[in-house]
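Chains as they are written, first to last, in the working numbering: chain A, 20 to 356; chain B, 20 to 356.
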DNA sequence: TTGTAAGCGTTATCAA
DNA sequence: TTGATAACGCTTACAA
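This is the structure:
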């Protein structure tokens, strides 16, 4: 459809391509008012639009970054993406979004495709299983930032929740409200999922610090779909927990489903706290006390950090930015006496 | 960082660039096993990766589409985007995502930037206020699909919910369960927001068909933030509604907030139904009866339709694809006698 | 079966 | 103040 090129404009304006190029790049200094006008008019008349691809080829920069996420439907992802897009928008950059769906093979393919497309940088919510791929990027000093998770063995600027603090916050809040039989609810632990590990470790440490013993029965590690049943089993056993700490929104859903299927009362019989602020926290009964991630700040920071790398190619030591969780005090926990 | 080019590979393999190009494009037919191997090895050795930008310049196709949405945080958006990404992934295409934030100026700027970047097509969740921009694209026969909303006056393939049917579904379900004082809850009506208008019209028509009169008091059109207060005012007046139809998830939130701030019982005092399936529908008490949009199918269809346009440049009459809403029967409505 | 050379639409260098 | 001309890295006739 669109075929009008710089040459056409040049011809119509009776100047050379180079002059048009000057004009487009606002190097007006040595340009007569006269030609400037003629070019402007020619552009207008032809409805000319520069071809960014051609420019990119020459300038070796595309004003585009790639983002690879492991779960597009997750709320954290949505919100961080929103912030990334906004930051890029400010700088005139575009964002290509790819969904690895937690599949390392896809993730790897995407990295390569995006590099082939000459993106200027990459923000990745990593699956955690492509060490060599990322290590290679680091060696090449390719601009790269991790978000949410990190890849063991790869040193890269990373933006993460302070997971230890979040777990500690949960335990402390529960403990200070008089709860003493606290169970943690999470998907099965796997080494490559760093936040999960950290939240679990944070929990264990906080419990010990408080002088609680962590009963093996109170580590409920099962995939969210099986959670309601697993919880029922647990609650059939003695020494029921009186508080549940769900390490993310998905496990929270499992917990709430369980609660709904039983006659347990929250917070009378059971206190609930979780990481990730969910949109219905305020309208649920009781209103849910949660530990929110500052998703917007995290996305902003990740983008800013990527641009630091893009602008000054030589980068210093990679830094890990830990964002403090935010306690949203509502009513799913009540002081117990 | 990456500087190895086809010429380097050619040199190392002792062949010409064209031969390497043949190889890369899998035109092996007239290539000796011998050279093939040499090229493969040279590529391997140098870690060569083709520069897609250069290819795009020549081939006039970027294997990239642009998507402009008016609200990145909306669940519908997230889910449709997910489907779009997946469909594109299958075809080896990438997706550039832009957020117009319902600002027509931004939307317009994005359209132009994406065209400059030579995207092969555009999927837009339109603000509804850029008629000329889109009209121009249509004239140029540029591949374009609208999702969720349409732009009055622009004839383009569009993927939308069957909003009339959705509204009718709500009224019918409520009526058949014995509710007779049904109120509709929605943001203020504006002409460029087609789905909103359609849902409202659908409601009005369905009510009339059922022989109900639509009391002006039962059209609660106010921005979601003010909704709880507005509803309180309404419920202070006589002839309270006994059922509420919220036209989307955001207004639903307003309704639920209102319910929470009062002592109204759902579904005893008040039945609730809404468009958009919300993730907590199942765990809310009572479980929420909703009218879901088939978001995944919609995203898939939009993408397929875009590729139809991309592949056969001459397109027939634009089509509007209306997707049927899906009633998710839960317990926020109970038979009334 | 492989190589030469001419583009693709810009930008950049250097003359004029 | 403006214009030739050579890149940028790849594809593609056409030749050899």
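Heads up, the beta-carbon is just placed ideally off N, CA and C, and yes, glycines get one too.
Distance from the CA of residue 223(B) to the CA of residue 125(B), rounded to the nearest whole angstrom, comes to 34 Å. The three-state secondary structure of residue 316(B), taken from DSSP, is helix. Under DSSP, residue 311(B) takes part in a beta bridge, and its partners are 345(B).
Residue burial annotation: residue 187(A) is buried, with at least 16 other C-beta atoms found within 10 angstroms of its C-beta. In the DSSP secondary-structure assignment, residue 291(A) is bridged to 263(A). In this model, residue 88(A) and residue 136(A) are separated by some 18 Å (Cα to Cα).
For residue 167(B), the nearest beta carbon of chain A is not closer than 8 Å to its own beta carbon. For residue 276(B), the chain A residues whose C-beta falls within less than 9 Å of its own C-beta are 301, 302, listed in chain order.
Contact between residue 321(B) and residue 164(B) holds: their C-beta atoms lie close to 5 Å from each other, under 8 Å. Nearest neighbour of residue 22(B) by Cα position, chosen from 82(B), 68(B), 149(B), 50(B), turns out to be 68(B). For residue 235(B), there are no neighbours in chain A by C-beta distance under 7 Å, as the nearest C-beta there is about 28 Å away. The residue from 31(A), 58(A), 30(A), 27(A) with its alpha-carbon nearest to that of residue 41(A) is 58(A). Runs of the beta strand (DSSP E) lying entirely within the segment 199-226 of chain A, each at least 3 residues long, are 201-205 in chain order. Around the CB of residue 209(B), fewer than 16 other CB atoms lie within 10 Å, so the residue is classed as exposed.
Flagged as an interface residue toward chain A: residue 279(B), by a C-beta distance shorter than 8 Å. In this chain, residue 271(A) is not harboured by any beta strand (DSSP E); it is covered by the alpha helix (DSSP H) spanning 268-280.
The DSSP-derived three-state label of residue 138(B) is coil. In this structure, residue 150(A) lies away from residue 130(A), with their beta-carbon atoms at least 8 Å apart. For residue 192(A), the closest C-alpha among the options 229(A), 161(A), 245(A) is that of 229(A). Close to residue 68(A), with beta-carbon spacing below 9 Å, are these residues of chain B in chain order: 131, 134, 135. Under DSSP, no beta-bridge partner is assigned to residue 284(A).
Neighbours of residue 351(A) in chain B, taken as residues at a C-beta separation under 7 Å, are lacking, since the least C-beta distance is about 13 Å. For residue 302(B), there is no enclosing alpha helix (DSSP H), as DSSP marks it with neither H nor E.
Residues of the segment 70-83 of chain B with a Cβ closer than 8 Å to any Cβ of chain A, in chain order: 70, 71, 72, 73, 75, 76, 81, 83. Contact annotation: residue 352(A) and residue 264(A) have beta-carbon atoms that are not nearer than 8 Å. For chain A, the residues of the segment 108-127 of chain B that bring a beta carbon within less than 9 Å of one of its beta carbons are 108, 111, 113, 114, 115, 116, 117, 118, 120, 125, in chain order. Residue pairing by DSSP puts residue 118(B) in a beta bridge opposite 88(B). Those residues of the segment 87-99 of chain B placed with their C-beta closer than 8 Å to a C-beta in chain A are 91, 92, 97, 98, ordered along the chain. Residue 238(A) carries a strand assignment under DSSP once its states are collapsed to helix, strand and coil.
Residue 191(B) sits in a helix when the DSSP states are folded into three classes. Your pair residue 257(A) and residue 286(A) does not check out as a contact, with CB atoms roughly 21 Å apart and the cut at 8 Å.
Ranking 118(A), 289(A), 324(A), 116(A) by CA distance to the CA of residue 259(A) puts 289(A) first. Excluding sequence positions up to five before and after residue 79(B), its CB lies within less than 8 Å of the CB of 137, all in the same chain and listed in chain order. Within its own chain, the residues whose Cβ lies closer than 6 Å to the Cβ of residue 271(B), once the five positions on either side in sequence are excluded, are 265, 293, listed in chain order. Under the Cβ distance rule, residue 272(A) counts among the residues neighbouring chain B, one pair being separated by less than 8 Å. Pairing residue 328(B) with residue 269(B), the inter-Cα distance amounts to about 34 Å.
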